[in-house]
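Structure first, then comments.
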Amino acid sequence: MSSEVPKTMFAWRKHKGNPEPVWEEVPVPRPSPTGVLVKVLASGVCRSDHSLLTIEKQAGWFQEKYTLGHEGCGRILEFGPEVGETDLKVGDIVALYGVPGCAGEDCPECSRELWQICERGHHSGIGQDGFYAPYAAIDVRGCVLVPEGVSPAQAAVATDAVNTAYHAITRRGEVKPTETVFLFGLGGLGFNALQVLHHIGARVIVSDIRQQRLDEAVKLGIPESDIVPAGKSPVEFVAEHGLLIDTVADFVGTHQTFEDAQYIVRRGGKLLCVGSIDAENTVHMKIGTRKRLSYVFTYGGQVSDLKEVLQLISKGVIRPQVQAGKLEDFPTVLKSLEEGKVECRVALIQGE
234 MSSEVPKTMF
244 AWRKHKGNPE
254 PVWEEVPVPR
264 PSPTGVLVKV
274 LASGVCRSDH
284 SLLTIEKQAG
294 WFQEKYTLGH
304 EGCGRILEFG
314 PEVGETDLKV
324 GDIVALYGVP
334 GCAGEDCPEC
344 SRELWQICER
354 GHHSGIGQDG
364 FYAPYAAIDV
374 RGCVLVPEGV
384 SPAQAAVATD
394 AVNTAYHAIT
404 RRGEVKPTET
414 VFLFGLGGLG
424 FNALQVLHHI
434 GARVIVSDIR
444 QQRLDEAVKL
454 GIPESDIVPA
464 GKSPVEFVAE
474 HGLLIDTVAD
484 FVGTHQTFED
494 AQYIVRRGGK
504 LLCVGSIDAE
514 NTVHMKIGTR
524 KRLSYVFTYG
534 GQVSDLKEVL
544 QLISKGVIRP
554 QVQAGKLEDF
564 PTVLKSLEEG
574 KVECRVALIQ
584 GE
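Every position in the sequence shown, counted from 1, becomes a number in the working numbering once 233 is added.
If you want it as structure tokens, here you go:
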């Protein structure tokens, strides 16, 4: 290990049974044989960090103690001894895709190119060591070179907040330019989804309970006639305007939004389920059957998506809304996020 890298560091950790993050001194990780060691430059704070801290019943790979943070960007310091041919080099700034899978040919998920739901590979910040630390180790397959014009903060949030939205809209939802899409939620993911939909050319009907977020949609170029006024029933709005909704993109996932989605979508339409504020919602079997609806669930994105996303950010097609914070302020930032005081995404910035 380079002499410039310390042997230990402080990181925000999850301890099983403790719902509060722990600021703890731990060893600086070593890269795996096919991995890299990075100096973390920025790490995005996600609402799911609260769930990871407070929900104890988790998947089998979860460790008793681990470093949180699943959105990251860092500078490569060192390669593992078995890293093969790669376009990356020491000193490159890379976006850190936290769930690159195991890539095993016998893996039930990776063999079907479903790396983000692989249970064998490393899950950075999701039960295993992640990016709320000065240094992190990750498999080289999870490193994507950050193009010029993209800041570390933007690159960090791109790995999840933008990538998940992009994957949902383009891969799972397969939204076409000819569609009319009803979008619930303009938060950390939803506003990025709006930009993706706007870029595709689909008509987007937007709903959010916060007027300031609706104002941001208007600034993006969404006609005011396609904005559901804050407090207005989406069902009434769709009926009054005679809209035919091809796809509902629910980036909220409450009982109310999921209920409304089933009523407002047209016959033969799609419900794209991304948000999960309420862990359980009701599928109306009669509505779903008679309208021949497709319920489409999605999770995360993939490296190929992330490469496309970073290029779109570089070209200014997508402009992630990111506020800057400090690593030591993670608990305060997370609390503000849970209380609805954060309108977009926060990236915890670290110096070189």
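Ideal placement from N, C-alpha and C gives every residue a C-beta, glycine not left out.
Along the alpha helix (DSSP H) that carries residue 488, what are the first and last residues, could you check?
-> Here residue 488 refers to the residue found at position 255 of the sequence shown. For residue 488, the enclosing alpha helix (DSSP H) has its first and last residue at 488 to 497.
Can residue 388 and residue 507 be called in contact, C-beta distance under 8 Å?
-> Here residue 388 is taken as the residue at index 155 of the sequence shown, counted from 1. Here residue 507 is taken as the residue at index 274 of the sequence shown, counted from 1. Taking 8 Å as the Cβ cut-off, residue 388 and residue 507 do not qualify as a contacting pair.
Report all residues from its chain with a CB closer than 7 Å to the CB of residue 444; omit the five preceding and five following residues, and keep chain order.
-> For this step, residue 444 is matched to residue 211 along the sequence shown. Closer than 7 Å at the Cβ level, and outside the excluded window around residue 444, lie 463.
Anyone know if the C-beta pair for residue 511 and residue 475 falls short of 8 Å?
-> Here residue 511 corresponds to residue number 278 of the sequence shown, with the count starting at 1. Here residue 475 corresponds to residue number 242 of the sequence shown, with the count starting at 1. For the 8 Å CB-CB criterion, residue 511 and residue 475 do not form a contact.
Simplified DSSP assignment, three categories, for residue 356 | Here residue 356 is taken as the residue at index 123 of the sequence shown, counted from 1. Coil.
According to the neighbour-count rule (16 or more other Cβ atoms, all chains shown, within 10 Å of its Cβ), is residue 337 buried or exposed?
-> Numbered from 1 along the sequence shown, position 104 holds the residue referred to as residue 337. Taking all protein chains shown into account, residue 337 has fewer than 16 neighbouring C-beta atoms within 10 Å of its C-beta and is therefore exposed.
Does the distance from the C-beta atom of residue 436 to that of residue 576 stay below 8 Å?
-> Taking the first residue of the sequence shown as position 1, residue 436 is located at position 203. Taking the first residue of the sequence shown as position 1, residue 576 is located at position 343. No. Outside cutoff.
State the Cα-Cα distance for the pair residue 323 and residue 308, rounded to the nearest angstrom.
-> One-based indexing of the sequence shown puts residue 323 at position 90. One-based indexing of the sequence shown puts residue 308 at position 75. CA-CA distance, residue 323 to residue 308, rounds to 8 Å.
Just tell me which of 276, 267, 348 and 452 has its CA closest to the CA of residue 321.
-> Counting from one through the sequence shown, the residue named residue 321 turns up at place 88. The residue from 276, 267, 348 and 452 with its alpha-carbon nearest to that of residue 321 is 267.
Cβ-based neighbour list, residue 525, same chain, cut-off 8 Å, excluding 5 preceding and 5 following | Working through the sequence shown from its first residue, we reach residue 525 at position 292. Excluding positions up to five away in sequence, the list reads 500 and 501.
Between 516, 259 and 503, which lies nearest to residue 243 when the distance is taken from Cα to Cα?
-> Taking the sequence shown and counting its residues from 1, one reaches residue 243 at position 10. Comparing Cα positions, the closest option is 259.
Where residue 294 falls: helix, strand or coil (DSSP) = Against the sequence shown, residue 294 aligns to sequence position 61. The three-state reading of DSSP puts residue 294 in coil, since its state is none of H, G, I, E or B.
Who are the Cβ neighbours of residue 235 in its own chain at under 8 Å, not counting the five residues just before and after it?
-> The residue given as residue 235 occupies position 2 in the sequence shown. Low per-residue confidence applies at residue 235: pLDDT is 48, beneath 50, and the placement is therefore not dependable, though the value from the model is reported in the following sentence. Only 310 and 311 meet the Cβ criterion.
Proximity to residue 528 [Cα-Cα], best of 504, 536 and 391 = Start at 1 with the first residue of the sequence shown, and residue 528 comes out as number 295. The option with the nearest alpha carbon to residue 528 is 504.
Report the rounded CA-to-CA distance for residue 252 versus residue 516, giving the unit in angstroms.
-> Walking along the sequence shown from the start, residue 252 turns up at place 19. Walking along the sequence shown from the start, residue 516 turns up at place 283. Approximately 31 Å between the Cα atoms of the pair.
Sort out for me which residues DSSP pairs residue 277 with in a bridge.
-> Taking the sequence shown and counting its residues from 1, one reaches residue 277 at position 44. Answer is 304 and 580.
Residues in its own chain within less than 6 Å of residue 471 by CB, not counting five upstream and five downstream?
-> Here residue 471 is taken as the residue at index 238 of the sequence shown, counted from 1. Scanning its chain for C-beta atoms nearer than 6 Å, with the 5 sequence neighbours on each side dropped, one finds around residue 471 the residues 497, in chain order.
State the beta-bridge partners of residue 245 as determined by DSSP.
-> Within the sequence shown, numbered from 1, the residue matching residue 245 stands at position 12. According to DSSP, residue 245 bridges with 256.
Validate contact between the stretch 354 to 369 and the stretch 395 to 414 using beta carbons, cut 8 Å, 3 pairs = These segments do not touch.
For residue 506, which three-state DSSP category applies?
-> As a working mapping, residue 506 is identified with position 273 in the sequence shown. Here residue 506 carries a strand assignment [DSSP, helix/strand/coil].
Below 8 Å between beta carbons: does that hold for residue 481 and residue 530?
-> For the purposes of this step, residue 481 is taken as the residue at position 248 of the sequence shown. For the purposes of this step, residue 530 is taken as the residue at position 297 of the sequence shown. Result no, Cβ atoms of residue 481 and residue 530 do not sit closer than 8 Å.
Counting along the chain, where does the alpha helix (DSSP H) carrying residue 265 start and finish?
-> In the sequence shown, residue 265 corresponds to position 32, counting from 1. Per DSSP, residue 265 lies in no alpha helix (DSSP H) segment and is marked neither H nor E.
Is the stretch 379 to 398 touching the stretch 452 to 459, taking contact as three or more C-beta pairs under 8 Å?
-> No: the two stretches stay apart, fewer than three of their Cβ pairs being nearer than 8 Å.
Three-way DSSP call (helix, strand, coil) for residue 284 in this model | Residue numbering aside, residue 284 sits at position 51 when the sequence shown is read from its first letter. The answer is helix: DSSP assigns residue 284 an H, G or I state.
Residue range of the unbroken alpha helix (DSSP H) whose run includes residue 365 | As a working mapping, residue 365 is identified with position 132 in the sequence shown. Where residue 365 is concerned, there is no enclosing alpha helix (DSSP H), given that its DSSP letter is neither H nor E.
Residue range of the beta strand (DSSP E) that includes residue 558 | As a position in the sequence shown, residue 558 is number 325, starting the count at 1. Annotation: the continuous beta strand (DSSP E) that includes residue 558 extends over 555 to 559.
Can you check the stretch 381 to 412 for any alpha helix (DSSP H) of at least 4 residues that lies completely inside it and give the ranges in chain order?
-> Qualifying alpha helix (DSSP H) stretches, in chain order: 385 to 390 and 396 to 399.
Range covered by the beta strand (DSSP E) that runs through residue 480 | On the sequence shown, residue 480 is found 247 positions in, with the first residue counted as 1. Annotation for residue 480: the continuous beta strand (DSSP E) segment containing it runs 478 to 483.
By DSSP, does residue 527 sit in helix, in strand, or in coil?
-> Start at 1 with the first residue of the sequence shown, and residue 527 comes out as number 294. Three-state DSSP puts residue 527 in a strand.
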